[in-house]
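Notes for the one structure printed next.
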Amino acid sequence: MATDRMNIVQFWPSVDGPVIEVDDLSFRYRSMSETGRAWTLDHLSFHVDAGEILGIVGPNGSGKSSLLKVLSGFLPAGEGDVRLGGLSIGKRSRFDVARLVAVVPQEYAQVFPFTVAETVLMGRFPHRTARWWSMGIGDETANDLACAHQSMIDTDVLPLAGRLISDLSGGERQRVMIARALAQEPKILLLDEPTAFLDINHQIDICSLVARLREERRLTVVLVSHDLNVASQYCDRVLMLKEGALCRLGTPDETIRPDVLWMVYGCDVVVDAHPQTGRPRVTMPIGAGRM
Amino acid sequence: MDLASSWTHTGAVLTFHRWVTVIGALLLTSVGVFALCLQFGATSVGLGTVARAIMHLVRGGEAETTSLETSEMIMIQIRLPRVLLGFLVGSSLAAVGVTLQALLRNPLADPYVLGVSSGSAVGVSMAMLIGIGSAFMLLPVLPLFGFAGGLLALLLIYRLAQSQGRLPIHSLLLAGVILNAILTAFIMFITSIMEPNRSAGLMAWLMGSLTAPGYPALSVFVLYALLVLAMLMHKAQSLNMLTLGEETAQSLGVETEGIKKQLFALTALLTGAIVSVSGMIGFVGMVVPHAVRLLIGSDHRLLLPASALVGGMFLAVADTIARTIMAPAEIPVGIVTALTGGPFFLYLLLWRKDRMV
Chain A
1 MATDRMNIVQ FWPSVDGPVI EVDDLSFRYR SMSETGRAWT LDHLSFHVDA GEILGIVGPN
61 GSGKSSLLKV LSGFLPAGEG DVRLGGLSIG KRSRFDVARL VAVVPQEYAQ VFPFTVAETV
121 LMGRFPHRTA RWWSMGIGDE TANDLACAHQ SMIDTDVLPL AGRLISDLSG GERQRVMIAR
181 ALAQEPKILL LDEPTAFLDI NHQIDICSLV ARLREERRLT VVLVSHDLNV ASQYCDRVLM
241 LKEGALCRLG TPDETIRPDV LWMVYGCDVV VDAHPQTGRP RVTMPIGAGR M
Chain B
1001 MDLASSWTHT GAVLTFHRWV TVIGALLLTS VGVFALCLQF GATSVGLGTV ARAIMHLVRG
1061 GEAETTSLET SEMIMIQIRL PRVLLGFLVG SSLAAVGVTL QALLRNPLAD PYVLGVSSGS
1121 AVGVSMAMLI GIGSAFMLLP VLPLFGFAGG LLALLLIYRL AQSQGRLPIH SLLLAGVILN
1181 AILTAFIMFI TSIMEPNRSA GLMAWLMGSL TAPGYPALSV FVLYALLVLA MLMHKAQSLN
1241 MLTLGEETAQ SLGVETEGIK KQLFALTALL TGAIVSVSGM IGFVGMVVPH AVRLLIGSDH
1301 RLLLPASALV GGMFLAVADT IARTIMAPAE IPVGIVTALT GGPFFLYLLL WRKDRMV
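Order-wise, the sequence lines are chains A and B.
Mapping to our numbering: the first sequence position 201 is 201, numbers consecutive.
Convert by adding 1000 to the 1-based position in the second sequence; the result is the number in our numbering.
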């Protein structure tokens, strides 16, 4: 265990500097390079600081999910470089990345029913101390169990521990996915559309949970959302993508503006100040809003 | 441990204790079932004779076979290898079924879905067509032909499915299913040009038959199957991750491409061997995993060995029924597995639905 910790510390030199550095990143899918089509991600450069919540927004097909997949290491960076904690993601092993980055997928496609506790404990996989003769039985240490326990407390799913995932509601399931991600003890949390398919109550639930976890665990969060209000209210900075290129990056006040949104989405929207936070709030206009 | 004990001991997760309990109970039951299956046959043999025959065998009583009674001879020469083969084939089928259902993320997968089995079947059919099979030499010729056919099919499917070093699951499934269809047509063609009595023999073999080869060949198969089963068991935790989807599995630190290739190779190698020695015994590989999963949950570290044991017992019992119910004639064991396993599975499904509501 001690050596594992040492490894992470060694590969994680600066805690207060940028956690994610994206340097002139370009990416396209293999089938596209054959037909000579444009880049899916087009020469992106930005960085994310420790403890920051960065929102990625943009129209359908602008490359949001692809960017998230490159950040998680699922897709290889085509050109340019992505560095996590100062070290290029391509130079890190899959195992190493899994200890730094946890992903909460958009939907939980499940073939066979696992219980909530089983699902959360799977988050301990990158930290397991495998013994070849044990075949994985009883590999969970007391520390693994304690960590999964705390993750379930933090996300309020402990009472559901013995239930099957397939029997849960969408909001409960999303919280379980976050609990599994937390059990990985990551430095970086990547969320893909965390509030899609959720009613307003659960949207608030998940968003405030993410905000709270950032405080408690000093997590760096990158979230992709279609919901501009989620991005505005909960993110420190917002990154706007259009056709794979970085269109605007800045605080919600700098990015969630009618002129910027016109440029990115090509439609008129009403933007006013949120009565509680003062941050920009986006609503649909009445009547002919589009050209 | 204290703070976590509220959920670790309620069956929410697999504990070492639960694993030992379930597997221990199944092992004990297996021994009992094994002994029972040895007793029944065209002639019934008492438990005492079973024990004596096994003692003879254990002491290496090969030289004193002349001093054995007829019933002990039957036991050693025919029934013991057959029950052993049945048990191991059932175990392998169930284990391969569990693995493929997780690898392909498809509850309908069974050991025969990927076409390797048809490759083996073509190998055996060819051997029968050119008449090699009828001449029994010391070597188990039919299984060797079958295994070679299975290996060829494995390589072909892999070539077809892989692209740029990756093995996409949907390509694997498609290539397997299509090759399966083509090879099945080929087998049909072979049966149609065979002499009638030989084609009847081939059809019976295709439906699945447990005729044990001699002890040397049998022990090779036993060692081979046990080795592959152990290697599959070693991948159980990765199987759990794979059922969550490749992207999630990767984000949890699993080298999915490598694991997928290993699992495909292991299951294909085992399937080829099973089909070579026993034909295509249906139903065990698909239904046993589902039935066991309904009862003990989805964690493959327990599901895989438990399914293997249950599959072994199931096929050993089914084969005992197949060779006793119309004795001295035998019915194909595949009919018994389908007729007993199907309704039992439906019962389990309904029983579980009742409890859920």
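Just so you know, even glycine gets a beta-carbon here, dropped at the ideal spot from N, CA and C.
Assigned exposure category for residue i - 16 Cβ within 10 Å defines buried
{"i": "THR1043(B)", "result": "exposed"}
{"i": "GLN184(A)", "result": "buried"}
{"i": "GLU140(A)", "result": "buried"}
{"i": "MET284(A)", "result": "exposed"}
{"i": "ALA1053(B)", "result": "buried"}
For residue i, the three-state DSSP class (helix, strand or coil)
{"i": "GLY1358(B)", "result": "Past the boundaries of the shown model lies residue 1358(B); chain B is included only from 1001 to 1357, so the question cannot be answered."}
{"i": "ILE20(A)", "result": "strand"}
{"i": "PRO1328(B)", "result": "coil"}
{"i": "GLN10(A)", "result": "With a pLDDT of 43 at GLN10(A), under the threshold of 50, the predicted position of this residue should be treated as unreliable, and no value is reported."}
{"i": "SER1091(B)", "result": "helix"}
{"i": "LEU249(A)", "result": "strand"}
{"i": "SER1134(B)", "result": "Note on SER1134(B): pLDDT 47, under 50, position unreliable in the model; no value is reported."}
{"i": "PRO280(A)", "result": "strand"}
{"i": "ILE206(A)", "result": "helix"}
{"i": "PHE1040(B)", "result": "coil"}
{"i": "VAL1013(B)", "result": "coil"}
{"i": "TRP1007(B)", "result": "helix"}
{"i": "MET263(A)", "result": "helix"}
{"i": "ILE137(A)", "result": "coil"}
{"i": "LEU191(A)", "result": "strand"}
{"i": "LEU1026(B)", "result": "helix"}
{"i": "VAL1284(B)", "result": "helix"}
{"i": "ARG1279(B)", "result": "The residue you asked about is not Arg; residue 1279(B) is Gly in the sequence shown. Note: GLY1279(B) maps to coil in three-state DSSP."}
{"i": "MET1(A)", "result": "Any reading at MET1(A) is ruled out, since the residue's pLDDT is 39, under 50, leaving its predicted position unreliable."}
{"i": "THR115(A)", "result": "strand"}
{"i": "VAL103(A)", "result": "strand"}
{"i": "ILE1259(B)", "result": "helix"}
{"i": "LEU55(A)", "result": "Here the sequence assigns Gly to residue 55(A), which means Leu is not the residue at that position. Of the three classes helix, strand and coil, the one that applies to GLY55(A) here is strand, per DSSP."}
{"i": "PHE27(A)", "result": "strand"}
{"i": "LEU1244(B)", "result": "coil"}
{"i": "MET1356(B)", "result": "Bear in mind that the predicted position of MET1356(B) carries a pLDDT of just 48, short of 50, making it unreliable; the figure below should be weighed with that in mind. MET1356(B) falls in the helix class under three-state DSSP."}
{"i": "SER1298(B)", "result": "coil"}
{"i": "ARG163(A)", "result": "coil"}
Any chain B beta carbon closer than 9 Å to residue i
{"i": "PHE74(A)", "result": "yes"}
{"i": "PHE197(A)", "result": "no"}
{"i": "VAL19(A)", "result": "no"}
{"i": "ASP139(A)", "result": "yes"}
{"i": "PRO13(A)", "result": "Note that PRO13(A) scores a pLDDT of 45, beneath 50, so its modelled location is shaky and nothing firm can be said."}
{"i": "LEU84(A)", "result": "no"}
{"i": "GLU254(A)", "result": "no"}
{"i": "GLU118(A)", "result": "yes"}
Within-9 Å CB hit, residue i to chain A
{"i": "ARG1082(B)", "result": "no"}
{"i": "PRO1107(B)", "result": "yes"}
{"i": "LEU1348(B)", "result": "no"}
{"i": "ASP1299(B)", "result": "yes"}
{"i": "LEU1302(B)", "result": "yes"}
{"i": "MET1188(B)", "result": "no"}
{"i": "PHE1016(B)", "result": "yes"}
{"i": "SER1278(B)", "result": "no"}
{"i": "LEU1244(B)", "result": "yes"}
{"i": "ARG1293(B)", "result": "yes"}
{"i": "MET1286(B)", "result": "no"}
{"i": "GLU1072(B)", "result": "no"}
{"i": "THR1340(B)", "result": "no"}
Boundaries of the beta strand (DSSP E) in which residue i is found, first to last residue
{"i": "SER45(A)", "result": "41-49"}
{"i": "ALA77(A)", "result": "From DSSP, ALA77(A) is part of no beta strand (DSSP E); its letter is neither H nor E."}
{"i": "SER94(A)", "result": "One point to set straight first is that residue 94(A) is Arg, not Ser, in the sequence displayed. That residue, ARG94(A), is in no beta strand (DSSP E); its alpha helix (DSSP H) goes 94-100."}
{"i": "THR220(A)", "result": "220-224"}
{"i": "MET240(A)", "result": "237-242"}
{"i": "LEU1104(B)", "result": "It is not in any beta strand (DSSP E) - LEU1104(B) carries neither H nor E in the DSSP assignment."}
{"i": "ALA273(A)", "result": "270-273"}
Run of the alpha helix (DSSP H) containing residue i, from where it starts to where it stops
{"i": "ILE1157(B)", "result": "1141-1161"}
{"i": "ASN143(A)", "result": "142-154"}
{"i": "MET1203(B)", "result": "1196-1206"}
{"i": "GLN174(A)", "result": "170-183"}
{"i": "ILE1190(B)", "result": "1169-1193"}
Inter-stretch contact at 8 Å, needing at least 3 Cβ pairs: the segment 1271-1278 of chain B / the segment 1112-1121 of chain B: yes
Three or more beta-carbon pairs under 8 Å between the segment 267-279 of chain A and the segment 204-224 of chain A, yes or no? no
Three CB pairs or more closer than 8 Å across the segment 61-70 of chain A and the segment 147-160 of chain A: Output reads no: the segment 147-160 of chain A does not touch the segment 61-70 of chain A.
Does the segment 1124-1132 of chain B come into contact with the segment 1198-1209 of chain B, if we say contact requires no fewer than three beta-carbon pairs (one atom in each stretch) closer than 8 Å? yes
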